[in-house]
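A.B. asks: Let me give you the structure first, and then I'll get to my questions.
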Amino acid sequence: QPGYDDRSLALAQGSQRIFEGLGVWEALAPQTCPIETIHVSDRGRFGFTRLRHDEEGVPALGYVVTARVLGQVLVERLAELDAVDILAPAQLRDLELGDQGARVRLEQAEGARSVGARLLVAADGAHSTIRDRLGIETQRRDYGQTAIVANLTPQLPHRNVAYERFTDTGPMALLPMTEGRCALVWTVPDSQADEVVLLDDAAFLARVQERFGYRLGRLLKVGRRHAYPLQLVRARESVRPRLALIGNAMHTLHPIAGQGFNLGLRDVAALAEVVVDAGQAGQDCGDAAVLGRYAEWRRRDQQRVMFFTDSLVRLFAQPLAPVALARDAGMLAMDLCPPAKRWFGRLTMGRAGRLPRLARGLPLT
Numbered sequence: 020q021p022g023y024d025d026r027s028l029a030l031a032q033g034s035q036r037i038f039e040g041l042g043v044w045e046a047l048a049p050q051t052c053p054i055e056t057i058h059v060s061d062r063g064r065f066g067f068t069r070l071r072h073d074e075e076g077v078p079a080l081g082y083v084v085t086a087r088v089l090g091q092v093l094v095e096r097l098a099e100l101d102a103v104d105i106l107a108p109a110q111l112r113d114l115e116l117g118d119q120g121a122r123v124r125l126e127q128a129e130g131a132r133s134v135g136a137r138l139l140v141a142a143d144g145a146h147s148t149i150r151d152r153l154g155i156e157t158q159r160r161d162y163g164q165t166a167i168v169a170n171l172t173p174q175l176p177h178r179n180v181a182y183e184r185f186t187d188t189g190p191m192a193l194l195p196m197t198e199g200r201c202a203l204v205w206t207v208p209d210s211q212a213d214e215v216v217l218l219d220d221a222a223f224l225a226r227v228q229e230r231f232g233y234r235l236g237r238l239l240k241v242g243r244r245h246a247y248p249l250q251l252v253r254a255r256e257s258v259r260p261r262l263a264l265i266g267n268a269m270h271t272l273h274p275i276a277g278q279g280f281n282l283g284l285r286d287v288a289a290l291a292e293v294v295v296d297a298g299q300a301g302q303d304c305g306d307a308a309v310l311g312r313y314a315e316w317r318r319r320d321q322q323r324v325m326f327f328t329d330s331l332v333r334l335f336a337q338p339l340a341p342v343a344l345a346r347d348a349g350m351l352a353m354d355l356c357p358p359a360k361r362w363f364g365r366l367t368m369g370r371a372g373r374l375p376r377l378a379r380g381l382p383l384t
């Protein structure tokens with residue numbers, strides 16, 4: 020059963036379309052909380068900007084759902100498909116990429132099992148076993164920051180507003196959830212992480228309240244805290260013959276602006292489209308030329324989003340007064356400049372650049 024401490028994911032508007040195209044949104048929607056407004060501000064300074072769903076012409080800018088609920092809905096949908104075998108839980112023991120296909124050896128409770136396919140997709144997260152086993156190198160940058168994640172309950176209704184507040188210790192996001200809760204993602208320097216996580220509930224809420232303010236009244240309750248060290252990670256290869264990397268196995272981002280999961284979903288939608296189109300054209304989906312089309316397609320979106328999030332981290336980490344003044348003026352200017360606001364809105368909603376069919380609300384076939 021869902022619990023108070025379930026971790027949340029922010030789905031961009033483009034991601035909602037992907038789930039709609041996959042036929043799971045109808046089951047997912049009642050268990051999500053819409054984001055109707057995004058409010059961005061700089062603590063102790065005058066800069067702020069807002070995005071509103073009605074100005075963007077969409078029902079919501081995004082949606083917040085717990086990872087547990089999303090996982091349950093996806094697994095239930097997969098179980099309905101005759102052509103899908105779910106081999107879980109399992110551990111990867113060995114893998115081989117050959118001219119004719121890929122083969123993996125899995126260890127399960129009932130014993131070892133070998134599985135072959137024309138294409139192996141590495142979707143096993145930031146610490147990808149597949150990526151490491153194949154010796155695919157990564158570019159890494161340690162931010163020296165830790166994300167503190169928790170759910171809390173404010174005194175006042177959140178009114179479907181998502182807040183991104185830049186503070187002296189790092190960005191703080193509060194996302195609207197069901198049952199009047201908010202999901203907190205607070206970035207702190209590594210040197211402060213242990214102290215913050217170990218604070219009792221009252222002291223933790225007071226620390227958050229001091230930095231967030233009273234837009235939602237008093238903060239009344241907080242659940243368990245979890246800490247995640249933050250790095251920027253990018254694999255130097257996104258494909259090999261018989262192999263494609265997607266999601267965090269390909270790129271792991273700072274949580275600022277909530278772009279990482281949504282970028283990974285667009286990887287999924289693009290790869291699915293390339294594979295389907297290859298099949299319809301009588302081509303081998305694991306062929307290097309076919310997978311090269313996926314890699315080239317995704318490169319620009321990945322680079323754009325990684326540059327955007329990394330630039331935000333660097334910009335708001337600058338304590339120099341001239342830099343702070345310039346960024347606050349920039350936020351105000353964007354709030355007053357419709358073209359700039361539209362660009363920011365399209366980027367945060369996952370609607371920038373060449374989109375896969377699923378992300379445009381179109382079926383795969």
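For the sequence shown, my numbering begins at 20 and goes up steadily by one.
For glycine and all other residues, C-beta sits at the position ideal for the given N, C-alpha and C.
Going by other Cβ atoms of all chains shown within 10 Å of its Cβ, with 16 needed for buried, is Ala79 buried or exposed?
C.D. replies: Position 60 of the sequence shown, counting from 1, holds the residue named residue 79. So Ala79 counts as buried.
A.B. asks: When the distance is taken between beta carbons, is Ala297 closer than 8 Å to Ile37?
C.D. replies: Locating residue 37 in the sequence shown gives position 18, where the first residue counts as 1. Locating residue 297 in the sequence shown gives position 278, where the first residue counts as 1. Not closer than 8 Å, so no.
A.B. asks: Which partner residues of Glu126 appear in the DSSP bridge assignment?
C.D. replies: By 1-based counting over the sequence shown, the position of residue 126 is 107. Note: Glu126 sits in a beta bridge opposite Gln110 and Ala131.
A.B. asks: Under 8 Å, Cβ to Cβ, is there at least one residue of chain D near Arg230?
C.D. replies: The structure shown contains no chain D; it is built from a single protein chain.
A.B. asks: Just to confirm the assignment, what range does the beta strand (DSSP E) spanning Gly163 have?
C.D. replies: For this step, residue 163 is matched to residue 144 along the sequence shown. Thr157 to Pro173 is the extent of the beta strand (DSSP E) around Gly163.
A.B. asks: Find the nearest neighbour of Phe223 within the set Thr51, Thr148, Val241 and Arg237, judged by alpha-carbon distance.
C.D. replies: Numbered from its first residue, the sequence shown carries residue 223 at position 204. That would be Val241, whose Cα lies nearest to the Cα of Phe223.
A.B. asks: Just verifying my parser: in three-state terms, what is the DSSP assignment at Tyr233?
C.D. replies: Looking up residue 233 in the sequence shown gives position 214. Coil at Tyr233, not helix or strand.
A.B. asks: Can you check whether the CB of Gln174 is closer than 8 Å to the CB of Gly232?
C.D. replies: By 1-based counting over the sequence shown, the position of residue 232 is 213. By 1-based counting over the sequence shown, the position of residue 174 is 155. Result no, Cβ atoms of Gly232 and Gln174 do not sit closer than 8 Å.
A.B. asks: Contact defined as beta carbons within less than 8 Å: I believe Leu405 pairs with Ala166. What is the distance between those atoms, to the nearest angstrom?
C.D. replies: Given that the chain is displayed from residue 20 to residue 384, the structure contains no residue 405 and the question cannot be resolved.
A.B. asks: Contact between the segment 314-328 and the segment 280-293 is defined here as three or more beta-carbon pairs at a separation below 8 Å; is this criterion met?
C.D. replies: yes
A.B. asks: With which residues is Tyr82 paired in a DSSP beta bridge?
C.D. replies: Here residue 82 is taken as the residue at index 63 of the sequence shown, counted from 1. Beta-bridge pairing links Tyr82 to Leu30 and Pro53.
A.B. asks: Please tell me whether Pro190 and Ala181 are closer than 8 Å, where the distance is taken between their beta carbons.
C.D. replies: As a first step, residue 190 must be located in the sequence shown, where it is residue number 171. As a first step, residue 181 must be located in the sequence shown, where it is residue number 162. No, the Cβ-Cβ distance between Pro190 and Ala181 is not below 8 Å.
A.B. asks: How long is the line joining the alpha carbons of Asp385 and Ala31, rounded to whole angstroms?
C.D. replies: Because the chain here runs from 20 to 384, residue 385 falls outside it and cannot be looked at.
A.B. asks: Closest to Gln321 by C-alpha separation, out of Ala169, Leu272 and Leu331, would be which residue?
C.D. replies: In the sequence shown, counting from the first residue as 1, residue 321 sits at position 302. Nearest in C-alpha terms to Gln321, of all of Ala169, Leu272 and Leu331, is Leu272.
A.B. asks: Looking at C-alpha atoms only, which residue of Ala268, Leu139, His245 and Ala212 is the closest neighbour of Asp306?
C.D. replies: Counted from its first residue, the sequence shown places residue 306 at position 287. Comparing Cα-Cα distances from Asp306 to each of Ala268, Leu139, His245 and Ala212, the minimum goes to Leu139.
A.B. asks: Between the C-alpha atoms of Ser60 and Thr206, what's the straight-line distance to the nearest angstrom?
C.D. replies: On the sequence shown, residue 60 is found 41 positions in, with the first residue counted as 1. On the sequence shown, residue 206 is found 187 positions in, with the first residue counted as 1. In this model, Ser60 and Thr206 are separated by some 15 Å (Cα to Cα).
A.B. asks: Return the first residue and the last residue of the beta strand (DSSP E) that Ala276 is part of.
C.D. replies: Indexing the sequence shown from 1 puts residue 276 at position 257. Premise fails: Ala276 is in no beta strand (DSSP E) and is neither H nor E.
A.B. asks: Label Phe326 either buried or exposed according to how many other C-beta atoms from any shown protein chain fall within 10 Å of its C-beta, with 16 as the threshold for buried.
C.D. replies: For the purposes of this step, residue 326 is taken as residue 307 along the sequence shown, with counting starting at 1. It counts as exposed.
A.B. asks: Could you tell me which residues DSSP puts in a beta bridge with Pro357?
C.D. replies: As a position in the sequence shown, residue 357 is number 338, starting the count at 1. None, per the DSSP bridge assignment.
A.B. asks: Who does Trp362 pair with in a DSSP beta bridge?
C.D. replies: Translated into the one-based positions of the sequence shown, residue 362 becomes position 343. Paired residues: none, contrary to the question.
A.B. asks: Determine the extent of the alpha helix (DSSP H) in which Val77 is found, giving its start and end residues.
C.D. replies: Counting from 1 along the sequence shown, the entry for residue 77 is found at position 58. According to the DSSP assignment, Val77 belongs to no alpha helix (DSSP H), since it is labelled neither H nor E.
A.B. asks: Starting from the Cα of Leu290, find the closest Cα among Cys52, Gly369 and Leu374 and give me that residue.
C.D. replies: Here residue 290 is taken as the residue at index 271 of the sequence shown, counted from 1. The shortest Cα separation from Leu290 among Cys52, Gly369 and Leu374 belongs to Leu374.
A.B. asks: Nearest by alpha-carbon distance to Arg18: which of Glu126, Gly117 and Glu45 is it?
C.D. replies: In the structure displayed, the chain extends from 20 to 384; residue 18 sits before or after that span and is not available.
A.B. asks: Pair every Cβ in the segment 43-62 with every Cβ in the segment 79-89, then say whether three or more of these pairs are closer than 8 Å.
C.D. replies: yes
A.B. asks: With DSSP as the reference, label Ala378 as helix, strand or coil.
C.D. replies: The sequence position of residue 378 within the sequence shown is 359, counting from 1. In the structure shown, Ala378 sits in a helix (DSSP, three-state: H, G or I).
A.B. asks: One question on the structure: do Ala254 and Arg150 come within less than 8 Å of each other, judged by their Cβ atoms?
C.D. replies: By one-based count along the sequence shown, residue 254 stands at place 235. By one-based count along the sequence shown, residue 150 stands at place 131. A contact, by the Cβ cut-off of 8 Å.
A.B. asks: Just to confirm, are Gly33 and Arg370 a CB contact at a threshold of 8 Å?
C.D. replies: Taking the sequence shown and counting its residues from 1, the one referred to as residue 33 is at position 14. Taking the sequence shown and counting its residues from 1, the one referred to as residue 370 is at position 351. Contact flag set, yes.
A.B. asks: Bridge partners for Gln250 per DSSP, in chain order?
C.D. replies: For the purposes of this step, residue 250 is taken as residue 231 along the sequence shown, with counting starting at 1. Note: Gln250 sits in a beta bridge opposite Asp161.
A.B. asks: Tell me which residues share the same chain as Gly163 and place their Cβ nearer than 7 Å to its Cβ, disregarding the 5 neighbours each side in the sequence.
C.D. replies: For the purposes of this step, residue 163 is taken as the residue at position 144 of the sequence shown. Counting only Cβ-Cβ distances below 7 Å, and skipping sequence neighbours, we find Pro208 and Asp209.
A.B. asks: Could you give the distance in angstroms between the alpha-carbon of Thr85 and the alpha-carbon of Ala169?
C.D. replies: Position 66 of the sequence shown holds residue 85. Position 150 of the sequence shown holds residue 169. Looking at the backbone, the Cα of Thr85 and that of Ala169 are separated by about 12 Å.
A.B. asks: From this set, Ala300, Arg226, Val43 and His72, which residue's C-alpha is nearest Leu97's C-alpha?
C.D. replies: As a working note, residue 97 is residue 78 in the sequence shown. Answer by Cα proximity: Val43.
A.B. asks: Is it right to say Gln20 is buried, meaning 16 or more other beta carbons lie within 10 angstroms of its own, or is it exposed?
C.D. replies: On the sequence shown, residue 20 is found 1 positions in, with the first residue counted as 1. Legend: pLDDT at Gln20 = 47, less than 50; position of this residue unreliable, value from coordinates given subsequently. Classification for Gln20: exposed.
A.B. asks: Would you kindly check if the distance between the Cβ of Asn179 and the Cβ of Thr51 is under 8 Å?
C.D. replies: By 1-based counting over the sequence shown, the position of residue 51 is 32. By 1-based counting over the sequence shown, the position of residue 179 is 160. No.
A.B. asks: Residues in its own chain within less than 6 Å of Glu126 by CB, not counting five upstream and five downstream?
C.D. replies: On the sequence shown, residue 126 is found 107 positions in, with the first residue counted as 1. Excluding residues within five positions, the ones whose Cβ falls inside 6 Å are Gln110 and Arg112.
A.B. asks: Grouping DSSP H, G and I as helix and E and B as strand, with all else coil, what is Met325?
C.D. replies: Here residue 325 is taken as the residue at index 306 of the sequence shown, counted from 1. Met325: helix per DSSP, three-state reduction.
A.B. asks: Measure from the alpha carbon of Arg230 to the alpha carbon of each residue in Leu193, Thr197 and Asn281, then state which is nearest.
C.D. replies: In the sequence shown, counting from the first residue as 1, residue 230 sits at position 211. Looking at the Cα atoms, Leu193 is the closest of the given residues.
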